[in-house]
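Peer 1: Could you have a look at this structure, given as structure tokens, before my questions?
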Amino acid sequence: MPLKTILNHVEKQKGVVYQNIGWGENHESLLIRLQPHARSRPVCRVCGRKGSCYDTQPERRFEFVPLWAIPVFFVDAMRQVNGDRCGVKVERVPWSDGKHRTTFSDRLFLSRWAKRLSWKETATVFGTSGDTVFRAVPWVVGWGRENQERGEVEAIGIDEIQYRRGHRYLTLADQSDAGSRRLLPVARDRTEDSRRPFLEILPKATLQSIPFVGTDLWKPSLNVVAECCGHAVQIPDRFQVMKKFGEQLDQVRATEARQMTADGDEPVWKHSRWCLLKRREKLTDKQTVKRKELLPYNLRRVRAYRMREDFPRFWQYRSPTGAGTFLDEWCTRAMRSQIDPIKQMANTLRRHRELLRNWFRAKGELSSGSVEGLNNKAQLAMKKADGFKSYETIEIALCHQLEKLPKPQRTHRFY
Ligand SMILES: [Zn+2]
307 MPLKTILNHV EKQKGVVYQN IGWGENHESL LIRLQPHARS RPVCRVCGRK GSCYDTQPER
367 RFEFVPLWAI PVFFVDAMRQ VNGDRCGVKV ERVPWSDGKH RTTFSDRLFL SRWAKRLSWK
427 ETATVFGTSG DTVFRAVPWV VGWGRENQER GEVEAIGIDE IQYRRGHRYL TLADQSDAGS
487 RRLLPVARDR TEDSRRPFLE ILPKATLQSI PFVGTDLWKP SLNVVAECCG HAVQIPDRFQ
547 VMKKFGEQLD QVRATEARQM TADGDEPVWK HSRWCLLKRR EKLTDKQTVK RKELLPYNLR
607 RVRAYRMRED FPRFWQYRSP TGAGTFLDEW CTRAMRSQID PIKQMANTLR RHRELLRNWF
667 RAKGELSSGS VEGLNNKAQL AMKKADGFKS YETIEIALCH QLEKLPKPQR THRFY
């Protein structure tokens, strides 16, 4: 069976015939020559109308999906159309928009793989350039965004993520109602102003009718949500609250380590960071031993650690009342601890007492791990775009991985 038959089966082109297939230079690639049907008139790329053929451009190559690890290219001499409306323009072809030197199928193929492998790996494995993958993914994301339909938003969660060293953050919003999940447009930075635009992308009526919004305990987010989603119950995200604990614990550790070094004490705290920051069930054997060694010392950090370990009981209450009592009792102990970061934590929690109790009112409405899941996935997504560090690229990578976007329908899925 000739290759042409297979091509016509998987990638039949309207008005175009596969003329011949041959080797490229040094038998290192396959070249597929295309030719317009004898009777087909070229279509203007700008207005989509047919016109007469004015001239033919020199042959160009467009990367297609590789076959048996051999790079494949379409070779075509595009025609120029002479139309009534636009004058002389290059014709529109069904397999590429001519902006990149790749076919639509190739872009879809590469972008699908770039979800599983990193972008660089995708390029290496399929014998193409990093640049080709780098252009394919945004094209697919762009197509999806133009063609997506937004349904009802029942709940959203807001989170921030560090995408570069030196306090470069971006804000993510996740549509996290029970049935579906989608990333809403991300926003650069984590200021109050940066949170407004993505909320404004949703229609006002939608915003006003969202019943639940998951946020952190950070004032700017709370302000923006209160302003844009008037009727929403704000729910502190459990993951965010516990993350804050981690940060406070880090502070305790750092201050104490400095103090002990200054006093010339034994370094029992060395390499102890993870034993104290990790949840107990996630510790390795070695870390568990280290933790056991540490606990008898009445170090501030150990006490701080115990306070942190005690707090998750809060989330297990059934009623806001019981949880409220626990919270008050915990905060009183924290204030007596004489550990500043822990006292700060208690102050924050007290300030948001009502908000924290909302968490129980909305139990079951927001999936508890939703933002945590988002954050982890976002970290992975950023790793996929290895080496590309600009904000724009990170945004594309996140949408590519996390947003459920529609894709152009093709006869055949090459992957
Ligand atoms: Zn035209």
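FYI, the numbering for the sequence shown is 307 to 721, going by my numbering. Beta carbons: idealized from backbone N, C-alpha and C, even for Gly.
1) Is it the case that the CB of G389 approaches a heavy atom of ligand 1 more closely than 6 Å?
2) Can you have a look at S411 and say buried or exposed, based on whether 16 or more other CB atoms are within 10 angstroms of its CB?
3) Among N388, R586, Y697, which has the Cα closest to the Cα of P348?
4) Helix, strand or coil for W329? Go by DSSP, reduced to three states.
5) Assign P372 to one of three DSSP states: helix, strand, or coil.
6) Are three or more beta carbon pairs between the segment 502-521 and the segment 460-473 nearer than 8 Å?
7) Does ligand 1 have a heavy atom nearer than 6 Å to the CB of C359?
8) If you check the beta carbons only, do L489 and C534 fall under 7 Å apart?
9) Write down the C-beta distance between A442 and R413 rounded to the nearest angstrom, noting that I regard them as a contact closer than 8 Å.
10) Taking A640 and A652 to be in contact with their CB atoms under 8 Å, please state how far apart those CB atoms are, rounded to whole angstroms.
11) Assign S674 to one of three DSSP states: helix, strand, or coil.
12) Helix, strand or coil, according to DSSP, for V417 in the structure here?
13) Going by beta-carbon coordinates alone, are R614 and F551 separated by less than 7 Å?
14) I need the boundaries of the beta strand (DSSP E) containing E466, first residue and last residue.
15) Rounding to the nearest angstrom, what Cα-Cα distance links D325 and I338 in this structure?
16) Quick one: is the Cβ of C353 within less than 6 Å of any heavy atom of ligand 1?
17) Is there at least one non-hydrogen atom of ligand 1 closer than 6 Å to the beta-carbon of C392?
18) Taking the C-alpha atoms as reference points, what is the distance between H315 and V439?
19) Name the DSSP beta bridge partners of I541, please?
20) Based on the DSSP secondary-structure assignment, which residues constitute the bridge partners of F379?
21) From H343 to S435, what does the alpha carbon distance come to, in whole angstroms?
22) How big is the Cα-Cα spacing for Q554 and V539?
23) What does the alpha-carbon distance come out to for the pair E709 and N664?
24) P712 and N332 look like a contact to me (Cβ under 8 Å); what is the Cβ gap, rounded to whole Å?
25) Rounded C-beta distance between I645 and R612? I'm assuming under 8 Å.
26) Going by DSSP, what residues sit across from Q386 in a beta bridge?
27) Grab me the residues of D390's own chain with a C-beta within less than 8 Å of its C-beta, minus the 5 sequence neighbours each way, in chain order.
28) Contact criterion: CB-CB distance below 7 Å. Does K598 meet it with respect to chain C?
29) Three-state secondary structure (DSSP) at V349?
30) State the DSSP-derived secondary structure class of K356, mapped to helix, strand or coil.
31) Tell me the DSSP bridge mates of V322?
32) Taking T409 and F368 to be in contact with their CB atoms under 8 Å, please state how far apart those CB atoms are, rounded to whole angstroms.
33) Looking at the unbroken alpha helix (DSSP H) that takes in M613, where does it start and where does it end?
34) Could you tell me whether any non-hydrogen atom of ligand 1 is closer than 6 Å to the CB of C350?
35) Could you give the DSSP three-state label for R407: helix, strand or coil?
36) If distances are taken between C-alpha atoms only, which option among L633, T567, Q707 comes closest to R619?
Peer 2: From the atom records:
1) Translated into the one-based positions of the sequence shown, residue 389 becomes position 83. Answer for G389: yes, Cβ within range of ligand 1.
2) Position 105 of the sequence shown, counted from the first residue, corresponds to residue 411. Buried, because 16 or more other Cβ atoms sit within 10 Å of the Cβ of S411.
3) Translated into the one-based positions of the sequence shown, residue 348 becomes position 42. Ranking the options by Cα distance to P348, first place goes to N388.
4) In the sequence shown, residue 329 corresponds to position 23, counting from 1. Strand, per DSSP.
5) Residue numbering aside, residue 372 sits at position 66 when the sequence shown is read from its first letter. Here P372 sits in strand by DSSP.
6) yes
7) Residue numbering aside, residue 359 sits at position 53 when the sequence shown is read from its first letter. No - ligand 1 has no heavy atom lying nearer than 6 Å to the Cβ of C359.
8) Here residue 489 refers to the residue found at position 183 when the sequence shown is read from its first residue. Here residue 534 refers to the residue found at position 228 when the sequence shown is read from its first residue. No, they are not a contact pair.
9) Sequence index remark: in the sequence shown, residue 442 carries index 136 (1-based). Sequence index remark: in the sequence shown, residue 413 carries index 107 (1-based). Sure, about 4 Å apart at Cβ, within 8 Å.
10) What you label residue 640 is simply residue 334 of the sequence shown in a count that begins at 1. What you label residue 652 is simply residue 346 of the sequence shown in a count that begins at 1. At roughly 4 Å, the Cβ-Cβ gap stays under 8 Å, so A640 and A652 are in contact.
11) Against the sequence shown, residue 674 aligns to sequence position 368. Confidence at S674 is low in this model, with a pLDDT of 47, below 50, so the placement of that residue should be treated as unreliable; the coordinate-derived value is given next. Coil, per DSSP.
12) Here the question's residue 417 lines up with position 111 in the sequence shown. Rather than Val, the amino acid found at residue 417 in this sequence is Ser. The answer is helix: DSSP assigns S417 an H, G or I state.
13) Counting from one through the sequence shown, the residue named residue 614 turns up at place 308. Counting from one through the sequence shown, the residue named residue 551 turns up at place 245. Their beta carbons are under 7 Å apart, which means R614 touches F551 by this criterion.
14) Taking the sequence shown and counting its residues from 1, one reaches residue 466 at position 160. Per DSSP, E466 belongs to the beta strand (DSSP E) from 461-470.
15) To locate residue 325, count along the sequence shown from 1; it is residue 19. To locate residue 338, count along the sequence shown from 1; it is residue 32. For clarity, residue 325 is Gln in the given sequence; the question names Asp instead. The alpha-carbon atoms of Q325 and I338 are separated by roughly 7 Å.
16) The residue given as residue 353 occupies position 47 in the sequence shown. Checking the Cβ of C353 against ligand 1 gives yes.
17) Along the sequence shown, read from residue 1 onward, the residue named residue 392 stands at position 86. Yes.
18) Indexing the sequence shown from 1 puts residue 315 at position 9. Indexing the sequence shown from 1 puts residue 439 at position 133. Straight-line Cα distance between these residues: approximately 26 Å.
19) Counting from 1 along the sequence shown, the entry for residue 541 is found at position 235. In the DSSP output, where bridge partners are listed per residue, I541 has G520.
20) In the sequence shown, counting from the first residue as 1, residue 379 sits at position 73. Looking at the DSSP assignment, F379 forms a beta bridge with L337, E369.
21) Taking the first residue of the sequence shown as 1, we reach residue 343 at position 37. Taking the first residue of the sequence shown as 1, we reach residue 435 at position 129. For H343 and S435, the distance between alpha carbons rounds to 32 Å.
22) For the purposes of this step, residue 554 is taken as the residue at position 248 of the sequence shown. For the purposes of this step, residue 539 is taken as the residue at position 233 of the sequence shown. If I take the Cα positions, the gap works out to 27 Å.
23) Counted from its first residue, the sequence shown places residue 709 at position 403. Counted from its first residue, the sequence shown places residue 664 at position 358. Each residue's Cα considered, the two are about 28 Å apart.
24) The residue given as residue 712 occupies position 406 in the sequence shown. The residue given as residue 332 occupies position 26 in the sequence shown. Not really, about 40 Å apart at Cβ, beyond 8 Å.
25) To locate residue 645, count along the sequence shown from 1; it is residue 339. To locate residue 612, count along the sequence shown from 1; it is residue 306. That pair is no contact at about 11 Å.
26) Counting from 1 along the sequence shown, the entry for residue 386 is found at position 80. Its beta-bridge partners are D361, V396.
27) As a working note, residue 390 is residue 84 in the sequence shown. Cβ within range, chain order: R355, G357.
28) Of the chains in the structure shown, none is chain C; there is only one protein chain.
29) The residue given as residue 349 occupies position 43 in the sequence shown. Reduced to three states, the DSSP call for V349 is strand.
30) To locate residue 356, count along the sequence shown from 1; it is residue 50. DSSP places K356 in strand when its eight states are reduced to three.
31) Translated into positions along the sequence shown, residue 322 becomes position 16. BP columns for V322 point to P342.
32) Start at 1 with the first residue of the sequence shown, and residue 409 comes out as number 103. Start at 1 with the first residue of the sequence shown, and residue 368 comes out as number 62. Right, their Cβ atoms sit about 5 Å apart.
33) Numbered from its first residue, the sequence shown carries residue 613 at position 307. Residues 606-616.
34) As a position in the sequence shown, residue 350 is number 44, starting the count at 1. Within the cutoff, so yes.
35) Counting from 1 along the sequence shown, the entry for residue 407 is found at position 101. If DSSP states are grouped into helix, strand and coil, R407 belongs with coil.
36) Within the sequence shown, the letter at position 313 stands for residue 619. It is L633.
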